[in-house]
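I have placed the structure first, in the form of structure tokens, so that the comments after it can refer back to it.
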Amino acid sequence: PAKAQKGPFQPKFEDYQKVYDAVAKKLQDEDDYDDGSYGPVLLRLAWHASGTYDAQTNTGGSNGATMRFAPEGDHGANAGLKAARDFLTPIKTQFPWITYSDLWILAGVCAIQEMQGPPIPYRPGRTDRDVSFCTPDGRLPDASKDHNHIRAIFGRMGFDDREMVALSGAHALGRCHTDRSGYDGPWTFSPTVLTNDYFKLLVEERWGWKKWNGPKQFEDSKTRTLMMLPTDMVLVKDKGFRAHVERYAKDNEVFFREFKEAVVKLFELGVPFEKTSGVEERWVFKSSFE
Ligand code: CCH
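If you read the sequence shown in our numbering, its first letter stands for residue 15, the second for the next number, and so on.
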């Protein structure tokens with residue numbers, strides 16, 4: 015009798031949870047990077063993969079993982095993200111069936127959850143695309159700019175004021191590096207734990223220009239160890255943005271809920287799920303500390 019034909023491997027939730035677990039374990043094992051975690055830079059990779067989306071032309075976004083290729087990988091905004099891509103290379107080798115584009119977003123989800131953020135519902139279905147799908151430079155925000163720029167960049171992706179502010183709360187995590195963006199320092203005192211501290215600090219601290227030779231940035235007057243970018247400070251100067259900053263500063267639960275919703279939207283921009291996996295339901299991965 016003919017042998018039953020084995021179909022192509024159809025990964026299920028359990029298989030993706032294994033990838034999550036491997037990323038979470040590597041995050042714990044390699045705790046000598048930066049402030050003690052690759053989490054922030056993994057989140058930034060997922061955001062910069064997604065944030066190239068243009069709603070009008072339906073180009074860019076996390077589908078494709080085109081930052082692997084020189085033109086896009088070398089865009090100024092992506093400086094330093096090689097550290098995140100290299101971190102994930104052995105995971106891709108261990109689980110060759112997952113696409114780079116699904117892996118980068120899964121790693122962003124894992125980073126948020128492992129840094130004690132809210133559970134981020136996830137679904138696979140991204141396919142890797144070739145170099146011809148690289149997006150033009152200039153689609154990601156420029157930290158030296160004003161409220162018009164923020165609204166233009168995030169508006170192009172399809173976000174409103176509330177979502178722009180919620181997403182910016184990611185700056186509770188990580189830091190600026192002089193050899194990457196030129197800016198320097200962390201936004202909060204706990205850059206490897208997601209909290210609403212970024213918003214609290216924005217409204218509660220006094221911020222002044224940092225006196226140095228680098229690009230224009232703010233420092234807190236009290237400790238002079240924390241920083242804000244010009245685009246961060248816009249969120250308290252602009253009335254429309256400020257209302258949301260104040261809401262999030264007051265209530266971490268509200269921040270977590272609205273951050274989660276905006277991140278799910280961000281990570282799925284331009285991904286044609288119907289045509290690929292057909293997966294409609296989203297999954298919530300179990301975190302390592304559950
Ligand atoms: Fe950001 N971000 N970001 N950011 N970002 C930087 C670092 C992180 C802007 C500029 C910068 C979002 C929005 C904006 C993270 C997540 C998000 C840096 C320093 C600059 C500059 C890079 C360096 O030197 O290494 C600007 C401008 C905007 C909007 O106007 C959004 C949205 C997200 C995620 C949802 C994270 C995380 C980091 C820390 C990375 C690290 O390596 O520590």
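Where is the CB? At the ideal position from N, CA and C, for every residue including glycine.
{"Query": "Runs of alpha helix (DSSP H) wholly within the region 234 to 283 (minimum 4 residues, chain order)", "Result": "244 to 251, 253 to 264 and 266 to 282"}
{"Query": "Endpoints, the beta strand (DSSP E) within which W221 is located", "Result": "W221 to W223"}
{"Query": "Local conformation of P200 per DSSP, three classes", "Result": "strand"}
{"Query": "Pick from P54, D246, F23 and A166 that is closest to A157, judged by C-alpha positions", "Result": "D246"}
{"Query": "Buried or exposed (CB count within 10 angstroms, at least 16 for buried), R271", "Result": "exposed"}
{"Query": "Buried versus exposed, by CB contacts within 10 Å (16 or more), N71", "Result": "The identity of residue 71 in the sequence shown is Thr, whereas the question assumes Asn. With fewer than 16 other Cβ atoms within 10 Å, it is exposed."}
{"Query": "Exposure label - P205; buried when at least 16 CB within 10 Å", "Result": "buried"}
{"Query": "Exposure of V179, with buried meaning 16 or more beta-carbon neighbours within 10 Å", "Result": "buried"}
{"Query": "V55 Cβ short of 6 Å to the ligand CCH heavy atom set", "Result": "yes"}
{"Query": "C-alpha distance - K39 paired with T73, whole-angstrom precision", "Result": "34 Å"}
{"Query": "Extent of the continuous alpha helix (DSSP H) run through N162", "Result": "H161 to M171"}
{"Query": "Rounded separation between R305 and P22 - CA only", "Result": "Here the chain comprises residues numbered 15 to 304, so residue 305 is not present and cannot be evaluated."}
{"Query": "Option nearest G254 by Cα separation, candidates R238, D174, A276 and H191", "Result": "D174"}
{"Query": "Check whether I134 and V277 have beta carbons under 7 Å apart", "Result": "yes"}
{"Query": "Buried versus exposed call for F203 [16 or more other C-beta atoms within 10 Å across all chains shown]", "Result": "exposed"}
{"Query": "Cβ neighbours of D193 in the same chain (closer than 6 Å, five flanking residues each side left out)", "Result": "none"}
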